[in-house]
Structures are given as structure tokens and as C-alpha cells.
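Just so you know, the protein sequences line up as chains U and W, in that order.
Just so we're aligned, residue 456 is where the first sequence starts under the numbering used here, counting upward by one.
Just so we're aligned, residue 456 is where the second sequence starts under the numbering used here, counting upward by one.
We put the CB at the ideal spot given by N, CA and C, even for glycine.
Number of protein chains: 2
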Amino acid sequence: MINRKLVLAARPQGLIKDSDFSLKEEDIRDLKSGECLIKTKFLSLAPVMKYYMIDGAGIEAPLHIGETMRGRGVGEVIKSSNPLYNEGDIVQGKFGWQEYVISDGAADKMLYKVPNNGLSPSTALGVLGMTGYTSYFGLYDVGKLKTGDNVLVSAAAGGVGSSIGSLAKIKSAKAIGLSSTDEKCQLLKTKLNYHDTINYKTENLDEKLSELFPDGIDLFFDNVGGEVLDTVLPHINRYARIVCCGRISTYSDKGLKTQNYSLKNWHMIGATRSRMEGFFIYDYEDRITEAYTNMSQWIKEGKLSYHEDIQEGLESMPQALNRLFEGKNVGKQLVKIS
Amino acid sequence: MINRKLVLAARPQGLIKDSDFSLKEEDIRDLKSGECLIKTKFLSLAPVMKYYMIDGAGIEAPLHIGETMRGRGVGEVIKSSNPLYNEGDIVQGKFGWQEYVISDGAADKMLYKVPNNGLSPSTALGVLGMTGYTSYFGLYDVGKLKTGDNVLVSAAAGGVGSSIGSLAKIKSAKAIGLSSTDEKCQLLKTKLNYHDTINYKTENLDEKLSELFPDGIDLFFDNVGGEVLDTVLPHINRYARIVCCGRISTYSDKGLKTQNYSLKNWHMIGATRSRMEGFFIYDYEDRITEAYTNMSQWIKEGKLSYHEDIQEGLESMPQALNRLFEGKNVGKQLVKIS
């Protein structure tokens, strides 16, 4: 049996090129006691993954050239010498960009069994995975959403943003989403429980914010940063909460600790007695069961909708990652591997 | 009997001019039932007061031309037809810039009796007044100070900053203060319980921060904003807290909602999972007794030190307010009226 994987060949300059990776084939070795062999079904894409490719990005140890690209996946256990994992189990964890994974279930892979809930296993990477949990803890815990809050979400049609409309509505709050195409805006309103949307590419964001938030913004769930954040700040209410979930507009090739946009309206935080806060989803690991239980129940009840954007084949991974930076993905970006 | 008071004559342009106010004299009218007459002893200065003079400043209804300038004071009840206030009582409240005040103790003046604690009544405007309570709630509640925290304070020798060294030390945390003169730096170390200081006018702030915070800054109590904040941000730790107490470096003549410095390093908030938060001391009014009780006890025990900068006479009020913007005050800026 042969495993195929993508290893880092070059540090990215601007958009990722296919040639930033090499496709490697290798024999799959025999399992040691305690290990299991997993066949990858889906791999997940998230903007932060570009940083794994960059030296000195500041979020996690960067990859060396030649290392398998990091990333989460979901797959099926096809062989096991670990009593905790049986053939046929669906599991998710830190697979890397490869078609087969050998894991002993230890912390480095953070292997979780995916409950048999009747949903596609892909949801374990999206709405019922770290992506959805980011929406959940970001909105409820960091953002401290309150009944009646007027919520704004940037990159609303992205993986994290696409759950926020529902999660806000469930708590009797109203979310308005920013997106870059009319098609995505339409989906946000018709399927993803957004109260309204703004196409920030074709509409005047500042004017639309005044129109749609006559009483100000109570909570801004920000996946974009930079100029969008700057335009939003003068519209925040007293005691507003700004959840710094991502800054995709300003991510640079130098990593997380540099960017190229200077914020004019930072003083609004102090002037309005507001709070701006970052977070890291793995800090909430001990509460994942709570999030899973609530969110899967809400999916069953039809209150929480989700949308997945699925490309095909290991070779499409680099361009699938680019889709996030080009605003092409609609909902959670995934690649189907098998 | 004659009252003298300063009324707004012109909106300020840059530094305040004496001619922005007119001195008015008026007969003191007879007291109605429930009122008392207070003779002002000290008046308090705080940067925010400049905004009262500016139309559209956004923090409180601006003064009209001809209105008595707002501000807190402490004084002695010299006549009373209110059973709650007796002749000889020391009270503090929203006196305005005048030598005598008539008050019925209602909410508009927020009249508090000053306990007879053996300290100068001036402390009721400083360390045991809204200024000191701002330090207390800003550091402990907004900043959530923890044992062992490495704390940085800007405008450390100012009214609010001058208590933070002690308040940090009391909780086994270490505060380093920024100030603009060696004289003030010296005072911070020898009297005001600061562990160390940086003269940001003569020393390289970025380099000194690297030197004095080898493990990063856990809590930044910021009274300055702008370029100082920007220089500090790359030095913050994970889960840092930035308390936005003031932005004196960037206050403009247009009011609280404009400023002229664009922040390059705003992204550090998200990148380090940190929190930046503003607050308003009057939101903590129901806990003033707690703050008073603790802080007066700490003063008795010699753990909390304070320093007052006292000018003389009602006419010196405009220039005393300027002193805050010129960094001339050492400790809490007050004016002795009688």
C-alpha cells in the first residue's frame, strides 16, 4: 500500500503556488502495537495554515522544507492494533496533507472519534469541528453574546462566519454579515440565518452600517481586520465587544506578527468602554463536549445550518487554501480525499 | 456673601488659554429647604475635563458658552437646611469651578461625605476619590491583575498612574512606570512603589521594554495611547490585558472620537490572544465603599503611597488643566481654593 502526501517545497510568496509543495509517495509501514491506520476522507482548510509554511510566523513551530504540511482531517480506521480504535471508526485529528495516517491516538495527533450522528463525516471538520467550535466559543464566551445584541460578522460566508448567523439567532440576537459577492450574501440570508448582509465590495460599508445599525453595533465578530475593522469601529456601541478571530485582509508573507494596515479608529475602544479580544480555540478544548452537544442538537432541530465547499483530491489542497485568501470559498472549505 | 466662578468663554484651540474662561461674581442666594452651602477647599483636574469644553466631544453633554465649568471638588458645609449635612461636614461632589456651591445632595452633584480619616480632605479628590478608584478598578477589575504579573504603566506619575505602583505591589505584582522626566521617575521609584521606570523622552522605549520585560508585558495600564501604545504592543505576552484608561497623547480639539495617530500594531491583540478594554469609573459607583475601605487601610499600613501637586487659587484652574497635557504635574493635580 502506498501513501501520497504533500510536503513543503518552498515558502510562499503571495498566493500559494502548486510548486510550493512536492507530492511524495511512500510505502505504508507495518503498524506497531497501539497504532492504527487511517484512510483520509476529508482535509480541512483554514487561513492560519498558511502560517505553518512561513518561518517566524509566530503561531506554532514553522514547518521545515520537506516536512508534511500540517492540517486537520477526518477519516476511517482501516486497520488497528489499538484497542481504543476499531476498524470502521470515523476519527478526526491532526492528519497532515496525506491520504493515509498512522496514529497511536497520542496528543500529537489529538485523535477524536467522530460520533455516529447521521451527518457526513466532513462536518467533524466544519460545523461540528474546530471551525464550528471557534464560532461557538468566540461568539458566546469571548463575545459574551446577549439577547437582543446587534451583531456584525466579517467574512460571514467563511467557515467560522457561516455558523454565526444561526448561533446569534438561537440566542435571540440579530447578525448582519459582510461578504464579497451577492451570491454569498444571498446564501447567508436564505440558508444561514443571517438577518441581513452587506456586500462590502459593491456597497459603501460605512453608509450601510449607519443604515443597518441605527443603534450601533454591540458585537463585532471579526475575521478580516484592517480596513474593514477600521470602518466598523466608529459604529460600535458602548460596551461593545470585538472578537478578534482572524485578520485575513492583512496577513502577510512575514507571518502573524506583521501586517500592513494602520488602524485609525483604535481609540474608539477606550472611548466607548468597549473590549477587543483575541482567543485561541485550543484553549477551549476541555469544553468541546458542551459545544458538540449543543450544536448537534441545534442541527437536528433545524436551528443551526451549515454549508460546505468541497474540492476534490489531494492535489487540489494548495489551491483550496488560496480560495480562502481570494474569498472564493462559500462556507467551510474542505477537500475530499477519498 | 459673594461667589466667584469660572464660566466657559470660548472653545479651546490647542492648549487652554485663561481667556477661554471668564471670572464671574454673584451674590450667594438664600438656601431653600433641603439645601446646604459648601465652601470649596480643593478642586480636581483630570484630562477628560477638557472635553467638557468641546462641542461634540462625545463623552458628556458639552458645556454651553457662559456655563460654569464642570469639575469635582471637596469642601466644607458652612450652612445647612438639609438634615443629612451638618455644618462642618467635609463633602465632595460635582462642584464646578467655583468658590461656593449650593447643593441639595441630589444626583446632579453626587455629594458624598468625606470620612474623618485623619488625612487631608484633598485625598478625597485623589487617591481616595474617583482618581484612585480609577486606578483600583482599572487595575484589579478591568486588568484582572494576577500575582506575579509584569505590569507597565504609562503616565505613571499622573493622578491615576501614581497609585498603580503600590496597588500592583500589594498584590505581589511588579509595575514599571513610564514618565517624561528623571525627577518624576525618581519619585516613582523612591516614594510610589514602582519597581523601575523608563524616561520615554530620553531613553529608547522599545529597547528599554525589551530589557525590563524579558518575559513580556502581562498588563499594560495605558493613560497615553498613540505612539506609546504602538511601541508597547509588540512586547505584550499571550493573554495580556491592555487597560485603556486614557489617551492623553492623542486627545484633539475635536473631542474623544477623533485622534491623529494610526496604530500599526493593533493586530498584536488578536495574535497574542490578548484583551484591550476601556472602562468608565462611574460604572463602578456601587463598589466605591469597597475601594475606599481597602485603599484607606493600605494607606494606614504604609503600603499605598500618594503624591499631590497643588496649585493655588481659582484663577489658576485653566493653567492647572494645561499642566496635565504638558506632563508638568507630579501626582494628582489639584488646586487649593480656600
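At least 7 Å separates the CB of U/W753 from every CB of chain W. Each of U/Y555, U/K639, U/L789, U/K663 was checked against the Cα of U/D482, and the nearest Cα belongs to U/Y555.
Counting only runs that start and end inside the region 671-713 of chain W, the beta strand (DSSP E) elements of at least 3 residues fall at 672-677, 691-699. Under a criterion of Cβ atoms nearer than 7 Å, the residues of chain U adjacent to W/K719 are, in order, S717. A distance below 7 Å between beta-carbons, with the five flanking residues on each side excluded, links W/V569 to the following residues of its chain, in chain order: V529, I545, V546, Q547, P576, A579. One Cα belongs to U/E531, the other to U/M524, and the distance between them is close to 20 Å.
Scanning chain U for C-beta atoms nearer than 8 Å to the C-beta of W/I724 yields C699, M731, E732, G733, reported in chain order. Put simply, the CB of W/R728 is near chain U, with a gap under 7 Å to one of its CB atoms. At least 7 Å separates the beta-carbon of W/L684 from that of W/V606. Around the beta-carbon of U/S535, 16 or more other beta-carbon atoms lie within 10 Å, marking it buried. For the region 671-686 of chain U, the set of positions with a beta-carbon nearer than 7 Å to some beta-carbon of chain W reads G680 in chain order.
Counting along the chain, the unbroken alpha helix (DSSP H) around U/R778 starts and ends at 772-780.
Counting along the chain, U/K472 sits inside no beta strand (DSSP E), nor does DSSP assign it H or E at all. A distance below 6 Å between beta-carbons, with the five flanking residues on each side excluded, links W/L718 to the following residues of its chain, in chain order: D685. No residue range can be given for U/D596, since it is assigned to no beta strand (DSSP E) and is classified by DSSP as neither H nor E.
The straight-line gap separating the alpha-carbon atoms of U/K599 and W/L664 is approximately 33 Å. Chain-order list of chain U residues neighbouring W/T705: H722, by C-beta distance under 7 Å. Taking U/S771 as reference, the option from U/G469, U/G632, U/S499 with the minimal CA-CA separation is U/S499. Residue contact with chain W for U/R702: present (Cβ-Cβ distance below 7 Å to some residue of chain W). Taking 8 Å as the upper bound for CB-CB distance, W/H690 and W/G671 are in contact here, some 6 Å apart. Taken in chain order, the complete alpha helix (DSSP H) segments of 4 or more residues contained in the region 502-555 of chain W are 504-507. U/D651 has U/I631 as its beta-bridge partners, per DSSP. Taking 7 Å as the CB threshold, W/Q774 stays off the interface with chain U. Under the Cβ criterion of 7 Å, W/Q553 is not counted among the residues facing chain U. The region 761-779 of chain U and the region 732-744 of chain W do not touch, with fewer than 3 CB-CB distances between them shorter than 8 Å.
Under the Cβ distance rule, W/Q766 does not count among the residues neighbouring chain U, no pair being separated by less than 7 Å.
Here W/V615 really is in contact with W/T586; their C-beta atoms are around 6 Å apart, less than 8 Å. Closest option to W/L478, judged by alpha-carbon separation, among W/T495, W/I533, W/R459: W/R459.
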